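What follows is a set of notes on a single structure, which appears directly below.
Number of protein chains: 4
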Amino acid sequence: MYRNKGRFWCKLLGVPRKIILDCDPGHDDAIAIMLALASEELEVLGITTVHGNVGLERTTRNALVVREVLGKSVPIYAGADRPLVRDRISAEAVHGVSGLEGPHLPTPTGQVEPQHAVHFIIEQVLRYPGEVTLVPVGPLTNIALAMRLEPRIIPQIREIVLMGGSIDIGNWTPSAEFNILCDPHAAKIVFGAGVPLVMMGLNLTHQTIAHPERVARFRALGTRVGNFVAELLEFFREHHVQRYKWDGAPIHDACAVAYLLRPGLFKTAMFNVEIEANEGLAFGRTVCDYWRVTGRQPNCEVGLEVDVDGFYNLLLERIARYA
Amino acid sequence: MYRNKGRFWCKLLGVPRKIILDCDPGHDDAIAIMLALASEELEVLGITTVHGNVGLERTTRNALVVREVLGKSVPIYAGADRPLVRDRISAEAVHGVSGLEGPHLPTPTGQVEPQHAVHFIIEQVLRYPGEVTLVPVGPLTNIALAMRLEPRIIPQIREIVLMGGSIDIGNWTPSAEFNILCDPHAAKIVFGAGVPLVMMGLNLTHQTIAHPERVARFRALGTRVGNFVAELLEFFREHHVQRYKWDGAPIHDACAVAYLLRPGLFKTAMFNVEIEANEGLAFGRTVCDYWRVTGRQPNCEVGLEVDVDGFYNLLLERIARYA
Amino acid sequence: MYRNKGRFWCKLLGVPRKIILDCDPGHDDAIAIMLALASEELEVLGITTVHGNVGLERTTRNALVVREVLGKSVPIYAGADRPLVRDRISAEAVHGVSGLEGPHLPTPTGQVEPQHAVHFIIEQVLRYPGEVTLVPVGPLTNIALAMRLEPRIIPQIREIVLMGGSIDIGNWTPSAEFNILCDPHAAKIVFGAGVPLVMMGLNLTHQTIAHPERVARFRALGTRVGNFVAELLEFFREHHVQRYKWDGAPIHDACAVAYLLRPGLFKTAMFNVEIEANEGLAFGRTVCDYWRVTGRQPNCEVGLEVDVDGFYNLLLERIARYA
Amino acid sequence: MYRNKGRFWCKLLGVPRKIILDCDPGHDDAIAIMLALASEELEVLGITTVHGNVGLERTTRNALVVREVLGKSVPIYAGADRPLVRDRISAEAVHGVSGLEGPHLPTPTGQVEPQHAVHFIIEQVLRYPGEVTLVPVGPLTNIALAMRLEPRIIPQIREIVLMGGSIDIGNWTPSAEFNILCDPHAAKIVFGAGVPLVMMGLNLTHQTIAHPERVARFRALGTRVGNFVAELLEFFREHHVQRYKWDGAPIHDACAVAYLLRPGLFKTAMFNVEIEANEGLAFGRTVCDYWRVTGRQPNCEVGLEVDVDGFYNLLLERIARYA
Ligand SMILES: [Ca+2]
Ligand SMILES: [Ca+2]
Ligand SMILES: [Ca+2]
Ligand SMILES: [Ca+2]
């Protein structure tokens, strides 16, 4: 595993941490974007988009929509419109046709950048060697393509903090979580790269259910963005009531950003995690050696528990910063 | 799935339930045998042995030893000495070289029956159509061979109540539990047979840790068999302290027998469970459709929770019946 | 690999070679039976039947039919009605609904033996240690079940001479030949058993096309059985004209028997052959290390070429012995 | 499958066909380069290099060396240094440590272009929509990366004519040919792209053995390049004598270029070819539906036979054009 010297200096000096948020909005992606852009601890170099919850055209438009709602100026780069090897899957059943059903969505006035997301990732990592943290909260296609197109970035990535996978049960198949299942081969590339890696999987994110009383707190902010979040969560809730009998939806993707802001909210441990990229019943599984029975080297810091109240307090505090 | 009329009559009339206990003793197998043979609710037609924790010669000898310790007269039949397709694995690291390390083991005076376990299973199921419950607490090789050698038994098996698998994390690989991993192809045959099936997997059996205070209760019985159990559990504990940081060993196999005696101690639900019998990271996994995302028909009643105190009370009460 | 002393004595003394012909008739199976039963070099201990070209009930009936046509008295034993692990496939498209379409089929007067084929195989191999050659020309389910039910037969089997597999292209998938594909797990057991093994695969059997002029030679015998063969081959031709654009069908299964009678007709070589028993594009492939690139030990004598005229002369000569 | 209008106009007007030769020199790659650069029918837009026979640094240097030997000015672009997903393999055992052992190799005076091969491929295909033929004679990593980084190129590629795969036996495993095995996932992307595809696999290229008398013809040209070819073939011969017992090496990669120059020398047919990208015994196999048993649509024109004398005459004539 690579060691990056930049890492420690930045922390010491209180310099905001440079991140690229790679996403497929998506309700929880939208909240992850809000959390990142509201936080002075992070310098969001750019938002990159990828196929996933819905097609690339829509995830990119949704990123523009969220930026519009927030009134922020971060650049947005569109990336891969399909997985590396497997056929594309998507999650309209969960996120609605647009990928962001629920609130009224304004027509974005801004534009997507002309540069490809993969080129943007490569450029930024090489520009700030050892300083850039990648935060993928969708399929890992962009990150994997960047690693293969320009392998010199691999030792220069400070860290990858991702939402994806599960150490127990999947959500899209019994074995696999949606983000990883969307592109298991990309995941195999990323998990095998030797980059410091933090995984926030379903086993953790399923602890962050947005119960109605939590949703009410966002609405109680009395702000436009607070209402927007509440409406996102109310739509997102429906699927989870039906599928899981839960009284709300987990805010998966925000966990990865929250970990960067308040690692102390999370209990994690290092494990070996391998990706099953062969087709079959476990296609797309993040095979986590929880009991350390394989003798394989730990390669991933895995989120195990989150202080859910702390998580929601952080989220509320930051969302409250928007008008 | 087959319906067996015998099933309901027996219950109604309080006739003891006919079972064949198929095992690979093994510490927890030994306790499962004790529990079964002490219980008037069960008529143990025979004990059949199979390769598994240790080689067939030793699991068979261990069955004889346990019968000797208990002073019971149930017939014992040796079965398959190797898995159907894959190479044999074993668990001397957990159960010791003999497979039953810990207590002093008497030299058995009795003999194994000349009939092959597979023939015994076939014979009994055809003799008592719809009445025989199979209780496999080792690799499923014998049951699978019986089903393929004489497919007419399949609709005549009352139920299969097995220890094996897991709905979350495995113990022999990150994906697989030992019994199923020993012979995934046999498991695929059994789980695909359409027979009423109850699975007590690690997700449940790991709830039954024999803490020192629980072990002390067996010792406090002041009986020879109580001491024997305590010594089994003390040896069995070592591996689990080291591997899992638990203060004792789970008594996996006894869960299957306890379920037959007191189903009310167990919370279960019907799921689709498929076996991954293709080699790879998930080889031997019991892929359980916990969130019902596959559309595949439920084929297995899966143990989810056990009333652990109730379980130990039952075990104590029954072990206390031995001298 | 096991060495059998019986092997060499028998040859020396001109004692007929004891064989069990395990088959799924099937047109070419029927001709293999005729060839075997007409040959004084072979002592056919019994014919065992297995699911395959058509269901077990029909393959067994067809064996009875062929015995009836030939007026012979060899015992027939029914075996496995389904593969070990995978779902059953069959080949009515090639062999017709009955499995033996073409000639008029008499109603057999004889009966199948009550003993199961697997038990018969075990019994005979143990009765004549080192002397019995198994000749499977259908799916390998019976042989595999016998090996697992009674592993002591493994070192006592003189040799297995089978029809199945291919070193190049399959016939039921691009990768797999029908017999092996019917039960790849059984094939993996048999090819991994360490028994002397001869494989007559499609790469060889496709050399034995029964062109119309060859069929005419059978008809020209002017016998009932000669006509029966001709009618079998005429029906069997249809599928092969359509699928392969050949002017006749290969007589696959007779190659295995012919090899026992006249090994000099065949060019063979030792290779490592492994069975792909994992599902996927190569499921059921006999992976033959033709260029010796794997470093794996040769375990199979693979038929490469046959003197086709010699083969047909032998066949004609033997078929001519029947009325 | 996409239809490209450019295709037919070019042919009609005798405009040289625009190609990009994507290679991993490699002895036979070197000869493929020579053949392409000597031929007025082809406009070689550039040579792109990829990991394969040896590492990228060496394959790139070897491309520079060959250009130096030929005194040509085609631009050379370095591409991927590793496969998409699997670990890198290489073939020093066949091509020597440098990848081009045998002749004296001059120090190249020219430089590799700064642009990445993948970007060059994308740029050229988009610049000449429907006109560019890709000729990959190494692992398919560059082509696959280009397709995923810029999917708009896919319908604009005129054709892909590749050396790789086999319809029968592999050379690096029993199932797989080296180029495809180097990056099966890239191959799956390319074979699944819907682009017109021609595959020259081992089943064809193994017909082009450079027997000593053929090598002698190159030497007899009395030219520097003729000698260079002869020395390449003499070194390349060694491995093939040992492994295959052939009296020379096949000139695999030149077949793809020769097909573009004289398609009439080749017998081909359309088949469905799928890539096995799951690990196992058939990893990297080009599964060709030769007997059309799958019902899958043909997606590849597969080379079956080559007029070997015509092939060598063409090669001689073109090599003779160099000093
Ligand atoms: Ca997402
Ligand atoms: Ca057990
Ligand atoms: Ca047959
Ligand atoms: Ca090459």
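Chains as they are written, first to last, in full-length UniProt numbering: chain A, 1 to 323; chain B, 1 to 323; chain C, 1 to 323; chain D, 1 to 323.
Just so it is clear, CB atoms sit at the ideal spot from N, CA and C, and this is done for glycine as well.
None of the values given here were measured: they were computed from a predicted structure.
Taking 8 Å as the cut-off, the Cβ atoms of Ile319 (chain A) and Met34 (chain A) count as close.
Among the residues of chain B, those whose CB is under 9 Å from the CB of His185 (chain C) are Leu84, Val85, His185 and Ala277, following chain order. Per DSSP, the unbroken beta strand (DSSP E) holding Tyr77 (chain C) starts and ends at Ile76 to Ala78. Not flagged as an interface residue toward chain B: Val50 (chain C), since no C-beta distance is shorter than 8 Å.
Ligand 3 approaches Asn53 (chain C) closely enough that one of its heavy atoms is under 7 Å from the residue's Cβ. Residue environment for Glu150 (chain D): buried (at least 16 other C-beta atoms within 10 angstroms of its C-beta). Proximity to ligand 3 was defined by a C-beta distance below 5 Å to any of its heavy atoms, and the residues meeting it, in sequence along the chain, are C:Asp24, C:Gly26, C:Asp29, C:Val137, C:Gly138 and C:Asp253.
Taking non-hydrogen atoms of ligand 1 into account, the C-beta of Asn142 (chain A) is found less than 7 Å away from none of them.
From the listed residues C:Pro106, C:Arg285 and C:Arg58, the smallest Cα separation to Pro174 (chain D) is found for C:Arg285.
According to the DSSP secondary-structure assignment, Pro136 (chain B) is paired through a beta bridge with B:Asp22.
For Val287 (chain A), no CB of chain D lies under 8 Å from its own CB, so it is not counted at the interface with that chain. Contact annotation: in the region 143-176 of chain A, residues whose CB is within less than 9 Å of a CB in chain D are Ala144, Leu145, Arg148, Leu149, Glu150 and Pro151. Collapsing the DSSP output to three states places Phe283 (chain A) in coil. When Cβ-Cβ separations below 8 Å define contact, Arg243 (chain A) makes contact with chain B. Using a Cβ-Cβ cut-off of 7 Å, Val190 (chain C) is close to nothing in chain B; its nearest Cβ partner there is about 11 Å away.
Of the other Cβ atoms in all chains shown, 16 or more fall within 10 Å of the Cβ of Pro250 (chain D); this residue is therefore buried. Excluding residues up to 5 positions away in sequence, Ala38 lie with their Cβ nearer than 8 Å to the Cβ of Arg321 (chain C) in the same chain. Distance from the C-beta of Asn171 (chain A) to the nearest heavy atom of ligand 1 is not below 7 Å.
Contact annotation: in the region 99-121 of chain C, residues whose CB is within less than 8 Å of a CB in chain B are His116 and Val118. For ligand 1, no non-hydrogen atom lies closer than 7 Å to the CB of Asn62 (chain A).
For the pair His116 (chain C) and Glu57 (chain C), the Cα-to-Cα distance works out to about 13 Å. One alpha carbon belongs to Val198 (chain B), the other to Val241 (chain A), and they sit about 28 Å apart. With fewer than 16 neighbouring CB atoms inside 10 Å of its own CB, Pro106 (chain D) falls in the exposed class.
Taken from the Cβ of Asn179 (chain D), at least one heavy atom of ligand 4 lies inside 7 Å. Sequence-distant Cβ neighbours of Phe178 (chain A) in its own chain, meaning closer than 7 Å and more than five residues away, are Ala91, Asn171 and Trp172. Leu45 (chain A): member of the beta strand (DSSP E) spanning Leu42 to Thr49, first to last residue. Take the alpha-carbon of Glu274 (chain B) and the one of Val287 (chain B): they are about 5 Å apart. Taking a contact as a CB-CB distance under 8 Å, the pair Val66 (chain D) and Ala256 (chain D) does not count as one, their CB atoms being some 16 Å apart. The Cβ-Cβ distance between Leu261 (chain B) and Glu41 (chain B) falls below 8 Å. A distance below 8 Å separates the beta carbons of Thr268 (chain B) and Leu304 (chain B). Against Ala80 (chain A), the close residues of chain D are Arg148, in the order they occur along the chain (beta-carbon pairs closer than 7 Å). Rounded to whole angstroms, Gly110 (chain C) and Val74 (chain C) show a C-alpha spacing of 10 Å.
Spatial neighbours of His211 (chain D) in its own chain (CB-CB distance under 8 Å, excluding positions within 5 residues in sequence) are listed in chain order as Asp247 and Gly248.
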